[in-house]
Amino acid sequence: MHHQDFDIKIINVNIMEKKRIVKIEEFISINRLWVKEDKDFTPWLKENIDYLTEAIGFELNPEERELPITEGFRIDLVAKDSEGNRIVIENQYKDSNHDHLGKLLVYCISLNAKVGIWICENARQSHIEVIEWLNEFSEGIDFYLIQLKLGKIEDMYIPLFEVISKPSQDSKMIGKTKKEMSETEQLYKEFWIEFLEEANEQTDLFKNIYSPFPQQFLNISAGKRLFYLSNFTKDTIRTELYFNNSKKERNKQYYDELYKNKDEIEKEFGETLQWERLELRKACRIKIEQKGISWLDKKNWDEIHQFFIKYTMKFNEVFGTYIQKL
Numbered sequence: 001m002h003h004q005d006f007d008i009k010i011i012n013v014n015i016m017e018k019k020r021i022v023k024i025e026e027f028i029s030i031n032r033l034w035v036k037e038d039k040d041f042t043p044w045l046k047e048n049i050d051y052l053t054e055a056i057g058f059e060l061n062p063e064e065r066e067l068p069i070t071e072g073f074r075i076d077l078v079a080k081d082s083e084g085n086r087i088v089i090e091n092q093y094k095d096s097n098h099d100h101l102g103k104l105l106v107y108c109i110s111l112n113a114k115v116g117i118w119i120c121e122n123a124r125q126s127h128i129e130v131i132e133w134l135n136e137f138s139e140g141i142d143f144y145l146i147q148l149k150l151g152k153i154e155d156m157y158i159p160l161f162e163v164i165s166k167p168s169q170d171s172k173m174i175g176k177t178k179k180e181m182s183e184t185e186q187l188y189k190e191f192w193i194e195f196l197e198e199a200n201e202q203t204d205l206f207k208n209i210y211s212p213f214p215q216q217f218l219n220i221s222a223g224k225r226l227f228y229l230s231n232f233t234k235d236t237i238r239t240e241l242y243f244n245n246s247k248k249e250r251n252k253q254y255y256d257e258l259y260k261n262k263d264e265i266e267k268e269f270g271e272t273l274q275w276e277r278l279e280l281r282k283a284c285r286i287k288i289e290q291k292g293i294s295w296l297d298k299k300n301w302d303e304i305h306q307f308f309i310k311y312t313m314k315f316n317e318v319f320g321t322y323i324q325k326l
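Position 121, counted from 1, in the sequence shown is what UniProt numbering calls 121; the numbers after and before it change by one each time, with no gaps.
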């Protein structure tokens, strides 16, 4: 039987007498009051939308209930905000599930809604995380996940709408940052994959690298915890011998031994190198670099790749013998 057959008192805890403190006797399943979601709860919500408005903090003006869309689906409730933007409200009894999540997304897309509100009795953690993700990465639409508890005091019922997840400026900024980072990382990956294809045609030095990391540098072992490292910043590219021993003293010792042969090494190398002992750091480096070239312009990629290949091969050819003697 539907709740309309009973003389039921539904109260708002916020309008009770301030001096009167009442204790909720128990929380009951929604369907004990509203037997059917589409025939009982949704009609009640349409007529009592202030309960939901109070929870989410902005105005809702209900328009249509059980609005039919394509493929036989019906949207539980459609509303508009104060600016006339469409809002989709999806109601669900018991635990949140994938089915209703999918419906919410389909309905929002179908109506070009600006807000999607999902009401359920118990929000599962996986769905909370999905709504948080959507609020981070979706543009032009906000999502709210609401938990509805029904309290009972004697012959009175108290609907409690609790916001579990909602959009915020922070979530949008986090999402934007993650998206930008992801796009940059993808570009790193593309850069190094193309580099390896070209490098492996000219030398075997990089043959053991199968899947480069999405980062600004790529390195191969030179032995003794030293590395030949190819690196780029916004407008500078460089190849270097990088000293990365866990012990600072060992790095400085190796650097000093090589520095004793600086003139001979540079003569063999055919170019002047930059020697950096990096006194305040654990590492040391010997490098050659080129400024004024940006890796962000794909037109420069081939030139940068050739720079890295040429000088990695040169570093290996010249420094290899000296490193073996360390």
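Note that CB positions come from ideal geometry on N, CA and C, so glycine has one too.
In the DSSP assignment, K149 forms a beta bridge with L160. Taking 8 Å as the cut-off, the beta carbon of W275 is found closer than this to the beta carbon of I286. DSSP, read as helix, strand or coil, puts R74 in strand.
Classified as buried, I158 has 16 or more neighbouring CB atoms from the shown chains inside 10 Å of its CB. Take the alpha-carbon of E268 and the one of A222: they are about 18 Å apart. The Cβ atoms of L241 and F195 lie no closer than 8 Å to each other.
Sequence-distant partners of C108 (beyond 5 residues in either direction) whose C-beta falls short of 7 Å from its own C-beta, in its chain, are V88, G116, I141. Between Y228 and T312, the gap from beta carbon to beta carbon is short of 8 Å.
At a Cβ-Cβ threshold of 8 Å, D81 and L60 count as neighbours. With at least 16 other beta carbons inside 10 angstroms of its own, F308 counts as buried.
Take E139, set aside five residues on each side of it, and no residue of its chain has a beta-carbon closer than 8 Å to its own. When rounded, the separation of the alpha-carbon atoms in H100 and Q92 is 7 Å. Between L326 and K224, the C-beta gap is smaller than 8 Å, which places the two residues in contact.
N219 and N231 have their C-alpha atoms some 9 Å from each other. Inter-residue distance for A123 and P62 is about 24 Å (C-alpha atoms, whole angstroms).
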